[in-house]
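Let me begin by presenting the structure, written as structure tokens, before commenting on it.
Numbering (the working numbering), first residue to last: 583 to 744.
What follows is the structure in structure tokens.
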């Protein structure tokens, strides 16, 4: 799937009234969400999940997968990152939070754009995409993945969701 179409789906989801996601989540306020985004724990989960689907069965070494992943990351930085910074700035996020969101979206969009070609499978990133397109920003995880629950926040709200 095209990177710009993926980003549009995410932006559309986050711009509309959030819809109840099809998975159980823990809601948090914007201030708590920004703290969770900045945590090493959240960053580590994303890195671990990316490594899991890239290195599983040696996929990174098959059919130029690694080169295509790196090309996708470069295109993301050049084409999509400025749009992401602009979009999330309108919600008054801190620079640190925008950097964390950018990191998450880079892996998510690269995963989704190469998923079919390399037969990637990541329930984690598929669930993150569902959360974004439902209008929620994934900001953390309670428990040890996959035995736990995503923390999410509504970027349009200062209060907790129920």
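Note that the Cβ used here is the ideal one computed from N, Cα and C, for glycine as well.
Since this is a predicted model, take the numbers as computed values, not measurements.
Residues of its chain near residue 690, where Cβ-Cβ distance is below 7 Å and the 5 sequence neighbours each way are ignored: As a first step, residue 690 must be located in the chain shown, where it is residue number 108. Closer than 7 Å at Cβ, skipping near neighbours: 707, 710 and 711.
6 Å Cβ shell around residue 619 - same chain, five flanking residues per side excluded: Locating residue 619 in the chain shown gives position 37, where the first residue counts as 1. So the qualifying residues of the chain are 679, 682 and 721.
Whether residue 695 touches residue 584 by CB criterion (9 Å): Here the question's residue 695 lines up with position 113 in the chain shown. Here the question's residue 584 lines up with position 2 in the chain shown. The Cβ atoms of residue 695 and residue 584 lie closer than 9 Å to each other.
Simplified DSSP assignment, three categories, for residue 646: Here residue 646 refers to the residue found at position 64 of the chain shown. Residue 646 falls in the coil class under three-state DSSP.
Environment of residue 675 [buried if 16+ CB atoms lie within 10 Å]: Here residue 675 refers to the residue found at position 93 when the chain shown is read from its first residue. Residue 675 should be labelled buried.
Given residue 598 as reference, the closest of 719, 725 and 729 once Cα atoms are compared: The count along the chain shown starts at 1 and reaches residue 598 at position 16. The candidate whose alpha carbon is nearest that of residue 598 is 719.
Outcome for residue 728 when other beta-carbon atoms lying within 10 angstroms are tallied against a minimum of 16: As a working note, residue 728 is residue 146 in the chain shown. Its Cβ having fewer than 16 others within 10 Å, residue 728 is exposed.
DSSP state of residue 632 mapped onto helix, strand, coil: Locating residue 632 in the chain shown gives position 50, counting from the first residue. Residue 632 falls in the helix class under three-state DSSP.
Euclidean distance between Cα positions of residue 646 and residue 666: Residue 646 sits at position 64 when you count from the first residue of the chain shown. Residue 666 sits at position 84 when you count from the first residue of the chain shown. Separation of residue 646 and residue 666 (C-alpha to C-alpha, rounded to the nearest whole angstrom) is 28 Å.
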